[in-house]
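Trainee: What follows is a single structure, and I will ask about it in a moment.
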Amino acid sequence: MGKAEKTMYNVLLVDDEKYAVKGLAAGMDWEALGISAVLEAYDVDQAKELLSQREADIVILDIEMPGQSGLELAEWLREQQPHAELIFLTGHANFSYAQQALSMGAFRYLLKPVDHDRLSEILVQLLDKIRSERELQDYRSVYRKYYSLWESQKPLLVERFWQEVIQGRTAFLSGKLDAALRQYDIPLASEDRLFPVLISIEQWQQDFGARDEEIMEYAIRKAAEELVLDGSPGMVVGERSGSGLILFYRSAAGEAAAAENGVSLEEKCEAFIRSCNEYFHCRLSCYIGGEVGITGLEEAYQRLLEAERANVTRTGSVIIPNAAGKPAARPAPPPPLAEWALLLDNGRKGELSDQLNRYFSRLEKEELSVETLQAVYFGLAHLCLDSAVKQGISLGEVLEGREEGLALSPVKSLAALRQWCARLLEQYWAKAAGSGEQSQQQSSIIAKIKEYIQQHPQEELGREQLASYVFLNPAYLSRLFRKETGQSLTEYVLEVKIGHARRLLEESNLKVGAVAEAIGYTHFSYFAKLFKKMTGLSPHEYRKKHRRLP
Numbered sequence: 012m013g014k015a016e017k018t019m020y021n022v023l024l025v026d027d028e029k030y031a032v033k034g035l036a037a038g039m040d041w042e043a044l045g046i047s048a049v050l051e052a053y054d055v056d057q058a059k060e061l062l063s064q065r066e067a068d069i070v071i072l073d074i075e076m077p078g079q080s081g082l083e084l085a086e087w088l089r090e091q092q093p094h095a096e097l098i099f100l101t102g103h104a105n106f107s108y109a110q111q112a113l114s115m116g117a118f119r120y121l122l123k124p125v126d127h128d129r130l131s132e133i134l135v136q137l138l139d140k141i142r143s144e145r146e147l148q149d150y151r152s153v154y155r156k157y158y159s160l161w162e163s164q165k166p167l168l169v170e171r172f173w174q175e176v177i178q179g180r181t182a183f184l185s186g187k188l189d190a191a192l193r194q195y196d197i198p199l200a201s202e203d204r205l206f207p208v209l210i211s212i213e214q215w216q217q218d219f220g221a222r223d224e225e226i227m228e229y230a231i232r233k234a235a236e237e238l239v240l241d242g243s244p245g246m247v248v249g250e251r252s253g254s255g256l257i258l259f260y261r262s263a264a265g266e267a268a269a270a271e272n273g274v275s276l277e278e279k280c281e282a283f284i285r286s287c288n289e290y291f292h293c294r295l296s297c298y299i300g301g302e303v304g305i306t307g308l309e310e311a312y313q314r315l316l317e318a319e320r321a322n323v324t325r326t327g328s329v330i331i332p333n334a335a336g337k338p339a340a341r342p343a344p345p346p347p348l349a350e351w352a353l354l355l356d357n358g359r360k361g362e363l364s365d366q367l368n369r370y371f372s373r374l375e376k377e378e379l380s381v382e383t384l385q386a387v388y389f390g391l392a393h394l395c396l397d398s399a400v401k402q403g404i405s406l407g408e409v410l411e412g413r414e415e416g417l418a419l420s421p422v423k424s425l426a427a428l429r430q431w432c433a434r435l436l437e438q439y440w441a442k443a444a445g446s447g448e449q450s451q452q453q454s455s456i457i458a459k460i461k462e463y464i465q466q467h468p469q470e471e472l473g474r475e476q477l478a479s480y481v482f483l484n485p486a487y488l489s490r491l492f493r494k495e496t497g498q499s500l501t502e503y504v505l506e507v508k509i510g511h512a513r514r515l516l517e518e519s520n521l522k523v524g525a526v527a528e529a530i531g532y533t534h535f536s537y538f539a540k541l542f543k544k545m546t547g548l549s550p551h552e553y554r555k556k557h558r559r560l561p
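Each residue of the sequence shown is one higher than the last, beginning at 12 in the numbering used here.
Structure below.
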């Protein structure tokens, strides 16, 4: 880093005695003092005009001047440029003048004629004062900047603190928890308690892209602050699945929130659920936990997640998990995957749809577990993908436009799974219907390529040349050719060329070198190597063994 430049200042001299101004301007070593500009004015009006054009660091002014006095100029400066430092000059040792000058914040009061050495000493002291004040001002400005930045980032830092706690990534030693709470300015002590409520996003009722979903999840958390926290001390923490965890600070705060205006926490959650459904097109549930200490928050959070995982029938609800737990649900009937596979492979769309609807209607009457939904989810996905592969349809085509791919979000509820299955089958049937036409089109392209290769064995027949003939991307043509024929495009070209060479060796008198040129090879040794690789014989050996001419 280079050396910092020295700060330079300016001074304004104001006196109706022109010779006094000129004497000061010429008689002081201003540059040595760190003053780069010396401005001159001979009355108050002229001084105001100069000061309106640029600010002054120091103003040295005479008190007694015709018209307006130096005291009146000083009063005007206090309003217009309050940072300017003042040194008063006067030809009379009048105590009242000195008193007024000091009351206006003057740094010094000097009698004329001015002793230049004395003025220099005073200016050194004054410039030290100016520098110190400006350094302090700069420090305060930087402090305010970073304090403002800290304030703007504090919610994010506090949220990250709670995320670390609920994920179990923070172990607090004795006394460290209180220090962490103070550091993040969280109004809690280590012995205080929390009241957690899990927000579980179950289903979006409109198709959103991944970025739009993130925006909507943020909007839902802000709505939870307004409608559920409702002014109570607390925080809404985003969590990995995109949902959120509402934390009421202190059990007392949670109890106060529950009773405020006679509106219970359950009622607030119900209003929040209705609002999210109406404004954010989102079905969600709220799981209300019991009060818990800060160090027990991770375990409480895991219990709420387990309750969320186990609930696959109630949606858009306020749920208070039973701490004692419920009896294990009896197993629901497994999905008849073998029957579905047969219907899928045979294209019996209506029958498969009817079977799925009957099965889901039956599940609605059962006590379900998430394992049942996973069996349906993975089972149907496997059937569709297996059938698609048989028809030459890729996994990406079946899941085209479905950003969640094979994510597990559809198994959060029976309703979400039912919708997901319907959309998956709709996508599958659309691709299956198009695959027949597409297969015919692809076969036509391959036939055209084969015919061109057979009719032009003398050409180089590179991948780019062949692709341009049928207006396709070279890489795509290669993949399509292998898919349709089971061999690579390069292998087929070589097969045709060597076949043509064999016929020429059998049926013509062309020299072997001419045969090589007839199938597009100018280097005989390379042709001979390829020919032997394909036939097991050299061109000469092959002609000797298989020649048909007399």
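Ideal Cβ placement from N, Cα and C applies to all residues, glycine included.
Note that this is a predicted model, so its numbers are computed, not measured.
Just the Cα atoms here: how many angstroms apart are Val247 and Glu437?
Mentor: Position 236 of the sequence shown holds residue 247. Position 426 of the sequence shown holds residue 437. Roughly 38 Å separates the two Cα atoms.
Trainee: Taking Cβ positions, are Tyr53 and Asp73 nearer each other than 7 Å?
Mentor: Position 42 of the sequence shown, counting from 1, holds the residue named residue 53. Position 62 of the sequence shown, counting from 1, holds the residue named residue 73. The answer is no: Cβ separation not under 7 Å.
Trainee: Identify every run of the alpha helix (DSSP H) within the segment 300–370, keeping only runs that are complete inside it and at least 4 residues long; order them along the chain.
Mentor: 308–321 and 348–356
Trainee: Is the Cβ-Cβ distance between Ile284 and Gly249 less than 7 Å?
Mentor: Locating residue 284 in the sequence shown gives position 273, counting from the first residue. Locating residue 249 in the sequence shown gives position 238, counting from the first residue. It is not a contact, given that the beta carbons lie outside the stated cut-off.
Trainee: Would you decide whether Tyr537 is buried or exposed? Buried here means 16 or more other CB atoms lie within 10 Å of its CB.
Mentor: As a position in the sequence shown, residue 537 is number 526, starting the count at 1. The residue in question, Tyr537, is exposed, as its Cβ has fewer than 16 Cβ neighbours within 10 Å.
Trainee: In terms of residue numbering, what span does the beta strand (DSSP E) encompassing Val55 cover?
Mentor: In the sequence shown, the residue the question calls residue 55 occupies position 44. No beta strand (DSSP E) contains Val55, which is instead part of the alpha helix (DSSP H) from Val55 to Gln64.
Trainee: So is Gly255 buried or exposed if we call it buried at 16+ other beta carbons inside 10 Å?
Mentor: Looking up residue 255 in the sequence shown gives position 244. Buried, since its Cβ has 16 or more Cβ neighbours within 10 Å.
Trainee: Considering only residues of the same chain and omitting the five flanking positions on each side of Gly78, which have a CB-CB separation below 7 Å?
Mentor: Sequence index remark: in the sequence shown, residue 78 carries index 67 (1-based). Closer than 7 Å at the Cβ level, and outside the excluded window around Gly78, lie Asp54 and Val55.
Trainee: With DSSP collapsed to three states, give me the class of Ser19.
Mentor: Your numbering for residue 19 matches position 8 in the sequence shown. Checking the displayed sequence, the identity of residue 19 turns out to be Met instead of Ser. Reduced to three states, the DSSP call for Met19 is coil.
Trainee: Looking only at DSSP bridge pairs, what is Leu24 linked to?
Mentor: Locating residue 24 in the sequence shown gives position 13, counting from the first residue. DSSP output for Leu24 lists Glu51 and Ile71 as bridge partner(s).
Trainee: Once DSSP output is grouped into helix, strand and coil, what is the label at Gln465?
Mentor: Translated into positions along the sequence shown, residue 465 becomes position 454. In the three-state reduction of the DSSP assignment, Gln465 falls in the helix class, which pools H, G and I.
Trainee: Where does Phe259 sit, in a helix, a strand or coil, going by DSSP?
Mentor: Along the sequence shown, one-based indexing puts residue 259 at 248. Note: Phe259 maps to strand in three-state DSSP.
Trainee: From Pro207 to Gln214, what distance separates their C-alpha atoms?
Mentor: For the purposes of this step, residue 207 is identified with residue 196 of the sequence shown, where counting begins at 1. For the purposes of this step, residue 214 is identified with residue 203 of the sequence shown, where counting begins at 1. About 22 Å.
Trainee: Leu541: which of Gln57, Gln217, Asn520 and Glu506 sits nearest, CA to CA?
Mentor: Stepping through the sequence shown from its first residue, residue 541 is reached at position 530. Comparing Cα-Cα distances from Leu541 to each of Gln57, Gln217, Asn520 and Glu506, the minimum goes to Glu506.
Trainee: From the DSSP output, in three-state form, read off Thr101 for me.
Mentor: Here residue 101 refers to the residue found at position 90 when the sequence shown is read from its first residue. Here Thr101 sits in strand by DSSP.
Trainee: Are the beta-carbon atoms belonging to Tyr463 and Tyr480 less than 7 Å from one another?
Mentor: Position 452 of the sequence shown, counted from the first residue, corresponds to residue 463. Position 469 of the sequence shown, counted from the first residue, corresponds to residue 480. Contact flag set, yes.
Trainee: Enumerated in chain order, which unbroken segments of the beta strand (DSSP E) with a length of 3 residues or greater are wholly contained in the segment 108–184?
Mentor: 119–122
Trainee: Less than 7 Å between the C-beta atoms of Ala343 and Glu377, yes or no?
Mentor: One-based indexing of the sequence shown puts residue 343 at position 332. One-based indexing of the sequence shown puts residue 377 at position 366. It is a contact, given that the beta carbons lie within the stated cut-off.
Trainee: Grouping DSSP H, G and I as helix and E and B as strand, with all else coil, what is Val507?
Mentor: For the purposes of this step, residue 507 is taken as the residue at position 496 of the sequence shown. The DSSP-derived three-state label of Val507 is helix.
Trainee: Can you name, in chain order, every residue of its own chain whose Cβ lies under 6 Å from the Cβ of Ser398, other than the five neighbours on each side?
Mentor: To locate residue 398, count along the sequence shown from 1; it is residue 387. Once the five neighbours on either side are set aside, the close Cβ partners of Ser398 are Leu355 and Asp356.
Trainee: Locate the beta strand (DSSP E) running through Phe206, then write down its first and last residues.
Mentor: Translated into positions along the sequence shown, residue 206 becomes position 195. Note, Phe206: beta strand (DSSP E), Arg204 to Trp215.
Trainee: Pull up the distance between the alpha-carbon of Phe99 and that of Ser114, whole angstroms please.
Mentor: Position 88 of the sequence shown, counting from 1, holds the residue named residue 99. Position 103 of the sequence shown, counting from 1, holds the residue named residue 114. The alpha-carbon atoms of Phe99 and Ser114 are separated by roughly 12 Å.
Trainee: Cα separation between Arg119 and Gln110?
Mentor: Here the question's residue 119 lines up with position 108 in the sequence shown. Here the question's residue 110 lines up with position 99 in the sequence shown. The C-alpha of Gln110 is placed about 11 Å away from the C-alpha of Arg119.
Trainee: When you compare only the Cα positions, how much space is there between Gly102 and Met76?
Mentor: As a working mapping, residue 102 is identified with position 91 in the sequence shown. As a working mapping, residue 76 is identified with position 65 in the sequence shown. For Gly102 and Met76, the distance between alpha carbons rounds to 11 Å.
Trainee: Count the CB pairs spanning the segment 121–132 and the segment 83–94 that are closer than 8 Å, and state whether there are at least three.
Mentor: no
Trainee: Are Gln476 and Ala529 closer than 7 Å when you measure CB to CB?
Mentor: Mapped onto the sequence shown, residue 476 falls at position 465. Mapped onto the sequence shown, residue 529 falls at position 518. No. Outside cutoff.
Trainee: Could you give the C-beta distance for Pro345 and Ala282, rounded to a whole number, given that I count them as a contact under 8 Å?
Mentor: The residue given as residue 345 occupies position 334 in the sequence shown. The residue given as residue 282 occupies position 271 in the sequence shown. Rounded, the Cβ-Cβ distance is 40 Å, inconsistent with contact.
Trainee: Quick check on Met246: does DSSP put it in helix, strand or coil?
Mentor: Here residue 246 refers to the residue found at position 235 of the sequence shown. Residue state, collapsed to three classes: strand.
Trainee: Kindly confirm or deny that the segment 514–533 and the segment 551–559 touch, where touching means at least three C-beta pairs closer than 8 Å.
Mentor: yes
Trainee: Smallest Cα separation from Gly304: which of Ile141, Ser296, Lys442 and Arg261?
Mentor: Taking the sequence shown and counting its residues from 1, one reaches residue 304 at position 293. The shortest Cα separation from Gly304 among Ile141, Ser296, Lys442 and Arg261 belongs to Arg261.
Trainee: For Arg429, does the three-state DSSP call read helix, strand or coil?
Mentor: To locate residue 429, count along the sequence shown from 1; it is residue 418. DSSP places Arg429 in helix when its eight states are reduced to three.
Trainee: Quick one: Cα of Arg490 to Cα of Ala221, how far?
Mentor: On the sequence shown, residue 490 is found 479 positions in, with the first residue counted as 1. On the sequence shown, residue 221 is found 210 positions in, with the first residue counted as 1. So the alpha carbons of these two residues sit roughly 31 Å apart.
Trainee: Using the Cβ count rule (16 or more neighbours within 10 Å means buried), how would you classify Glu170?
Mentor: Taking the sequence shown and counting its residues from 1, the one referred to as residue 170 is at position 159. Under this definition Glu170 is a buried residue.
Trainee: Between the Cα of Asn21 and those of Ser131, Gly45 and Val32, spot the shortest distance and give me the residue it belongs to.
Mentor: For the purposes of this step, residue 21 is taken as residue 10 along the sequence shown, with counting starting at 1. Asn21 has its Cα closest to that of Gly45, out of Ser131, Gly45 and Val32.
Trainee: Suppose the cutoff is 8 Å on Cβ atoms and the five residues either side in sequence are ignored; what does the same chain contact list for Ala36 look like?
Mentor: On the sequence shown, residue 36 is found 25 positions in, with the first residue counted as 1. Correct list, in chain order: Leu24, Val49 and Glu51.
Trainee: Quick check on the DSSP output: the alpha helix (DSSP H) that includes Ser489 runs from which residue to which?
Mentor: If you number the sequence shown from 1, residue 489 lands on position 478. Where Ser489 is concerned, the enclosing alpha helix (DSSP H) stretches over Pro485 to Thr496.
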